[in-house]
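**Student:** The sequence shown maps to residues 19 to 134 in the numbering used here.
I'd like to ask you about the structure that follows.
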Amino acid sequence: MVRKIEGATRIPVPGGKVIEEHVGRVNSGDESISIAHMVAPPGWEEPAQTPSFTEYTVVLRGSVIVEHAEGVTEVSAGQSIVTSPGEKVRYSSGPEGAEYVAVCLPAFSPETANRD
């Protein structure tokens, strides 16, 4: 079945980051996947989390910095990163901020993010 989704739902978060969920629990009622467009200001950071979903991040502009057990990985425009369920990670943006798309399987929820 083909479903057209009209627009996105803006998810409020602290720190000046903008999340627009196109597909997921909030905007389309999908629990198996979420797809969100995000814009984070320079120096934005969020608490560490140990999510129970796989997250695929495609950086469109600027850079996303991911802290994890093996160290720190900077992901620049044109690059991607995949984080696995049960892996403790912490996301932040670089000095130019970041614009990126995040895909979560299953869909993101605050409960399954397991934030510190």
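From the three backbone atoms N, C-alpha and C, an ideal C-beta is built for every residue, glycine too.
What does the Cβ neighbour count give for Val41, buried or exposed, with the cut at 16 atoms within 10 Å?
**Tutor:** Val41 should be labelled buried.
**Student:** Start and end of the alpha helix (DSSP H) containing Ala131?
**Tutor:** First-last of the alpha helix (DSSP H) with Ala131: 128 to 131.
**Student:** Residues bridged to Thr72 by DSSP?
**Tutor:** Per DSSP, Leu123.
**Student:** Which of helix, strand or coil does DSSP assign to Gly25?
**Tutor:** Three-state result, Gly25: coil.
**Student:** Counting pairs of beta carbons, one from the stretch 78 to 97 and one from the stretch 39 to 53, are three or more of them closer than 8 Å?
**Tutor:** Not touching, per the Cβ criterion.
**Student:** Taking the alpha-carbon of Ala125 as reference, which of Gly33, Gly47, Ile37, Ile29 has the nearest alpha-carbon?
**Tutor:** Of the listed residues, the one whose Cα sits closest to Ala125 is Gly47.
**Student:** According to DSSP, is Pro113 helix, strand or coil?
**Tutor:** Strand, per DSSP.
**Student:** Going by Cα to Cα distance, which pick from Ile53, Lys35, Glu49 is closest to Ala26?
**Tutor:** For Ala26, the nearest C-alpha among the options comes from Ile53.
**Student:** Mark Glu73 as exposed unless 16 or more other C-beta atoms lie within 10 angstroms of its C-beta, in which case mark it buried.
**Tutor:** Buried, since its Cβ has 16 or more Cβ neighbours within 10 Å.
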